Structures are given as C-alpha cells and as structure tokens.
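Residue numbers (my numbering), protein chains in the order written: chain A, 89 to 252; chain B, 1139 to 1719.
Idealized CB from N, CA, C, for every residue including glycine.
Computed from a prediction, not measured in an experiment: that's the story for all the values here.
Notes to accompany the following structure.
Right, here's the structure in full:
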C-alpha cells in the first residue's frame, strides 16, 4: 500500500498553507470541486502528502478517505515528492525482455524505496516509465536528463554513486 | 398512483411510473438477481448482474437503476441475458478467494447463491493472478478480508451515506482497487464507530465480526469459571432468522433454553439492566432539568453512537448521559451485587453477553467499565455468533422447549423490552419520568406512540405536571448528525434526546442475522422485528421499569438511591474526546 513507502518528511511552509486555504475557500462551493482543488493543491506543494489531504478534507467537510480515494485513483496525483535526482526505469516491452524488471527490483533494494517513492533525504525518487524511444539501448534508465543504456545489475551502484 | 403498462417476458404488467425495471419485474413475480444494488443506499448500477434486454436499447441495461416507460418491452431471461450474467460472475469469481467450505458466510453468501443459480462452477476458469490483499484485524470488533471482497461498494455506501462516517472507500484503481481506509490505516486506527452496518450489508464473507465462539466454549468447559450470560432485548426478535424462522418471530423461550443447554451457570436478561438504566437515566434527566445541568440529555445505550459523538461531536460529550449502557450495567451488577450475594469471587466470573451489536465488542474494552476492578463484561458476542455456537454444539434449536430466564437478574418489564427499537428507550424513560414528576402511577396511558416507527428522526412534546418536555429520537448516524447540528445551531430546544447508532435501533444492529439484499430491497424487516418487541411489551403485566420488583430490591439491598454514591461508582461512566481520522 502506498502509504508504507519511504518518503521525505513533510516540510510545508506557512505561505503554502495560506495559499491552500485561500484556494479551497474560493473553490469549495462549486460542484465537483474536489478535482480542481487537488490539482491546485498539487501545484502549490508539488505533491499531495497526508498533511495536505487532511486540510482539504477538513475544509471541504468530507471524509479523508474520499480525498485519498480520488488521489490514488488518478496517476497524475502523487502522494510523494520527487527527489533531486529522478530515476526512471523503462519497463517498456523491449527493455522488459532485456531484464529491466530485474534492474528495477535491484534499484528498489539499493535505494530502499518502492515505485513512486522518494528517499528520506530527498535525494532520489524512483519510478517506472514506458518506452523512452531508446529500444536499441535496452534496458535503459534515466536519471534526470542522463540516459544509461545496455545496463547490467552490477553497474547500478556505480551509477548512483556519481550523484553527489 | 400513476402507472405505466409494460411487457415483461411477453406478459403485460402495470407498474408504478418511475419505478425501476427491477421493481416492476417483482410486481410480475420475476426476481432479477442483483449484487451491488441496495435500495436507497447503493444505486450505482455497477456490477452488471441485473442486466436485462430492453427493446430498442443498444445494449443490455442495468435493471436496478433503469426506469420503466409506457410501452416498454423487457426480457429478463434470454440466453443473451443469462450469458452476460454468467460472464460477469465468472470475472468476479476470477478475483475471489473461493475457500467457501467453512467461510463465515457459507450458506448465506449472495455470491455463492448466484453461482448456484447461474450454474457457474468451472474452477479452472478462475486460476489466474489475484489482487494481493492483507487481512485487517486492527479493529476490536471486526475483520476485513479483501480476498473475498467483490468491490460492490455496499459497505462504503452505508458507512458514508447512512452512518455519516466514511472511513472506508475504494483506493487505487484497476486491478489494484481495494476497499480500505486512507493511507494504509487499519480500521482500528480510524474514527470507525464499530457499528457493523458494513458487515450487515456485505454480500460475501469479506467482512465479519471477530468470532468469540471458541473462547466462550472454552470458558464453559473450564470448571474453575462461573460463566454467566445476558441477552439483549433485540436478540430474541432476530435470532430465529438464523434457524430459518420468519422475520419477526420472538424466540425468547428457545433462546433461554439453548443457552442453558450450552452450559451457562445462569441465563439472565439484559432487560433487567435496561430497567435499571431507566431508573438512573430518568433520575439524571430530572436532576439536570431541576439543577440547570447540560441539556438536552442524550442517551448513551448505543456504543456506536457514543463513539460517534466522541469523534464527530466532541464538544457535546457532556450532553451524553453518564449512565453505562444496559450491557455494562448488567456486567457491573453481576460482578458486584450478584457476586457478593452468592459469595463468588468476581475474578472467577466470566461475564458473557449476546448482543445485536458489534460496537459492544469495543465497549467492553473502554475505560471506566470495571465496577468490581475487573471488566464488567468479558466477552460480547453477536446474535450471529450465538447462531453459530448453537449449530456447532448440535443443539436442535427449533425443537427446544420454551424456558424462562433465571432470577433475580432475569426479571424485566415491557419498558425494557422495547429498548431494542428506536424510540424505545425514550418511551421507557417517559413512562418512568411521568411517574416521578406526577407521583401517580396509573395503569394507563403508558404508550407514547409519537416516538415509535421507523422514521430516522422523530419529535414530540409532552406536558407533564405543568412541565413541557420536548423530546427527539434519531437512529442511524446520518440522522444523528443532522439532529445534533440542529441542536448545536440553536434551531431546536429539547430536554431529552434518544440516539441509536443503527437505523431503526438495535433490532437492525450490525450483529444481527444477515438479511440478504433480495429481502432488504423489498421487505421492511426492521418493522417486523420491532413488532415482535412491541407485542412482547403489550403482553407483559409489568410495563414500567420502576415497577420491576427486583430493581426495587436491588436499590434496597445494595445500591441505595438512584444517582447515589454506590450507583455512581458502579453504574456510571466517562467519555473522552476523540479525533476524526
């Protein structure tokens, strides 16, 4: 379940909270307000952690579960912040048959996080993605804009070590 | 009533305008199977089991939500319809844990019945991957096993719309979709009030109370224990359903008989403690009225309601009566008065209750519920568990003779019997309050019919000895929410309010025998169960709590005066403010 993923501790500012409350007050009486409110809240914080969802539920006078159910339904909403280095592993067909699944599993172990998670120091986040158009280099991963291809599992710790 | 004429399977039928195909078919003696549909609670047309063919429609339609129109032609059982239902069922079964043999719902599982009706039984079709799930047993009262969940949403609908709680919902999407609380919280960490209405509407074995049958049987087999049982009023009005008797059959005599044969040392009646509750609560009401205490006084018999108040209206916990619920008062008297009188060490007593309620399992573990220094009640069972216990021990319930409760804690009045119905506590309290205020104790009138019935909120006003008493009764927590909001906003001025957590009161408690959706959608089963209790009340010689001779004796021998020191120590409790989450 999503909530058990490791993540960065919440560090919302007073300014962010004020902006959130103002935005909710403006939107909440409209019909079907929850979706736009969640989108705008994600614009403010970059993601939708429990603390933010709790405020939304309280202000809209709906159960927290109602908010959480919507957030987990749509893949555009994220419960977790992105790290400074965003690791994306292609799990498209070509990469997958070349062993991307094992690469992805190994990264989860090395980083101690699951798909969609972020290390507690905020350094790395990990996600799977679909074809990035480099099938000739399969299996492929990206760290921010850097592309690494023809990977083997034992290269991974060396690649991660390049970042700080 | 305006009607339309339609044809169902070639037969002309007249049906009320605006009714659904499902309802119209029923008029024509045709049952269309349903799975997700619960009338007025979950009308989402999602599961597609109820599909039918309609002339001119592009595809099959969901009959549970499709309204009839003049001249409509419908077919409910063509090969196309049946084939579609079968496919739907096969897909549901492909992600269902089919360990049915000793499943708690085997025999009254709606999925199992449908499989049988539609002849869907090819195991090899369902051997693919299943959604991974974990059992949630974090709550005191129940277990969620999502491997048996079919995502019908009946539980989430009842939790949010009927009970105004909403701590469960559908999370994630597609194959990962599962019903749970937010952020991976176990139900026990949330502001779930333990009402068990979700269990009552679940079509499968995904939701069930925590079963205490083995624990009770072990206690009964232990020669060092003195095992005593009490049964709540509404259990006798529904227990028979578990053995195939019609809804509304009062099986008090057979129930007592069965409990005695199970080996309980004493078979007592929670009704005795309900009479006691009335004496204490009526006293508390008149005390608050005369001394300017917090009003309205709100009843505290329903532990689901009590927990709801603590979570959702924490600033109103002072309105709740400090009286323990009848279950707890009974346990307190058992382990103090009864133990002393019979020279039994309260530590050797195992105090068992049979309740229509799952929240009672939470209540027994609350603080300030241990009059003798040990818990007032050790094990709270539901009506359903008693059915299982009787079945497991081979007692032929239907052939048992009628027997009577043991005394002194088995004597009760009609007032206490109606505790099991919404409005019953109010009526019982009024019967005693009138006597206290007027000093007169006439044989009649003692019926307060304004507070009877299955409406969610009932209001009445009575003039008693020059005093105007405004009362309100709510059952179901959405109704409680609405009523409390009115009180908070100063839009109503009541002196006394009765609130029960479950719609209709304890007769419809979360621990009562399961009523399948086919019956729920078309029969007022709550009113039938309620009638069993009102009939018993009417047939009793004693119908007012203060006339119970054993209650009088209890005060003389042990408690002293109502609301006095001893009564306060043993019969009253405290509440805590809780958070919503």
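Contact set for residue i: own chain, Cβ-Cβ below 8 Å, skip 5 residues either direction
i                       : result
residue 1718 of chain B : 1329, 1449, 1450
residue 211 of chain A  : 171, 172, 173, 251, 252
residue 1353 of chain B : 1517
residue 1327 of chain B : 1276, 1319, 1719
residue 1300 of chain B : 1179, 1335, 1614, 1615, 1616, 1641
residue 1417 of chain B : 1570, 1683, 1684, 1689, 1693, 1700
residue 1704 of chain B : 1696, 1697, 1698
Close Cβ partners of residue i (< 6 Å) along its chain, the five nearest in sequence each way excluded
i                       : result
residue 1139 of chain B : 1154
residue 1264 of chain B : 1231, 1232
residue 1377 of chain B : 1389, 1393, 1521
residue 1283 of chain B : 1273, 1344
residue 1646 of chain B : 1640, 1664
residue 90 of chain A   : Bear in mind that a pLDDT of 42 at residue 90 of chain A, under 50, signals an unreliable position, so the number given afterwards is only what the model happens to contain. If we look at residue 90 of chain A and ignore the five residues flanking it on each side, its Cβ neighbours are 167.
residue 1184 of chain B : 1174
Beta-bridge partners of residue i, as assigned by DSSP
i                       : result
residue 1190 of chain B : B:1199
residue 1368 of chain B : B:1406, B:1491
residue 1592 of chain B : None, per the DSSP bridge assignment.
residue 1698 of chain B : None, per the DSSP bridge assignment.
residue 1616 of chain B : Paired residues: none, contrary to the question.
residue 1145 of chain B : B:1150, B:1211
residue 1635 of chain B : B:1436, B:1610
residue 1447 of chain B : Residue 1447 of chain B pairs with nothing; no bridge assigned.
residue 1519 of chain B : B:1492
residue 1082 of chain B : Examination of residue 1082 of chain B is not possible in this model, given that chain B is present from 1139 through 1719 alone.
Beta-carbon proximity check, residue i vs residue j, cutoff 8 Å
i                       : j                       : result
residue 1607 of chain B : residue 1576 of chain B : no
residue 1595 of chain B : residue 1631 of chain B : no
residue 1407 of chain B : residue 1543 of chain B : yes
residue 1484 of chain B : residue 1463 of chain B : no
residue 1168 of chain B : residue 1144 of chain B : no
residue 1164 of chain B : residue 1660 of chain B : yes
residue 1457 of chain B : residue 1700 of chain B : no
residue 1560 of chain B : residue 1611 of chain B : yes
residue 1546 of chain B : residue 1712 of chain B : no
residue 1528 of chain B : residue 1396 of chain B : yes
residue 1382 of chain B : residue 1375 of chain B : no
residue 1500 of chain B : residue 1332 of chain B : yes
residue 1753 of chain B : residue 1424 of chain B : Nothing about residue 1753 of chain B can be read from this structure; chain B reaches only from 1139 to 1719.
residue 1651 of chain B : residue 1525 of chain B : yes
residue 1177 of chain B : residue 1658 of chain B : yes
residue 1414 of chain B : residue 1426 of chain B : no
residue 1459 of chain B : residue 1419 of chain B : yes
residue 1455 of chain B : residue 1472 of chain B : no
residue 1292 of chain B : residue 1339 of chain B : yes
residue 1686 of chain B : residue 1531 of chain B : no
Cβ neighbours of residue i in the same chain (closer than 7 Å, five flanking residues each side left out)
i                       : result
residue 1391 of chain B : 1540, 1541
residue 1404 of chain B : 1366, 1544
residue 1470 of chain B : 1462, 1509, 1514, 1708, 1709
residue 1214 of chain B : 1146, 1147, 1163, 1168, 1170, 1190
residue 141 of chain A  : 152, 155, 156, 159
residue 1482 of chain B : 1364
Which of helix, strand or coil DSSP assigns to residue i
i                       : result
residue 1336 of chain B : helix
residue 1579 of chain B : coil
residue 1356 of chain B : helix
residue 1282 of chain B : strand
residue 1264 of chain B : helix
residue 1219 of chain B : helix
residue 95 of chain A   : coil
residue 210 of chain A  : coil
residue 1100 of chain B : Any answer about residue 1100 of chain B is impossible in this case: the structure gives chain B only from 1139 up to 1719.
residue 1609 of chain B : strand
residue 229 of chain A  : strand
residue 1306 of chain B : coil
residue 142 of chain A  : helix
residue 1722 of chain B : For chain B, the structure presents residues 1139 to 1719; residue 1722 of chain B sits outside this window and is missing.
residue 1290 of chain B : coil
residue 1480 of chain B : coil
- Query: Can you find at least 3 beta carbon pairs, one from the region 1670 to 1681 of chain B and one from the region 1552 to 1568 of chain B, that sit closer than 8 Å?
  - Reply: Contact between the region 1670 to 1681 of chain B and the region 1552 to 1568 of chain B is established, with three or more Cβ pairs separated by less than 8 Å.
- Task: Flag this pair as touching only if the region 1201 to 1208 of chain B and the region 1150 to 1168 of chain B have three or more C-beta atom pairs under 8 Å; answer yes or no.
- Result: Judged by Cβ distances under 8 Å, the region 1201 to 1208 of chain B makes contact with the region 1150 to 1168 of chain B, as three or more pairs qualify.
- Message: With a threshold of 8 Å, are at least 3 pairs of Cβ atoms found where one atom belongs to the region 1333 to 1352 of chain B and the other to the region 1246 to 1263 of chain B?
- Response: With a cut-off of 8 Å, the region 1246 to 1263 of chain B and the region 1333 to 1352 of chain B count as touching, because enough Cβ pairs lie within range.
- Query: Does the region 125 to 137 of chain A come within contact of the region 152 to 167 of chain A, defined as at least 3 CB pairs closer than 8 Å?
  - Reply: They touch, by the three-pair rule.
- Message: Across the region 174 to 193 of chain A and the region 224 to 240 of chain A, are there enough close Cβ pairs to call them in contact, namely three or more that are closer than 8 Å?
- Response: Result yes; three or more Cβ-Cβ pairs closer than 8 Å.
- Return the residues of the region 151 to 176 of chain A that lie within a Cβ-Cβ distance of less than 7 Å from chain E, sorted by chain order. Absence of chain E from the displayed structure is noted, the protein chains being A and B.
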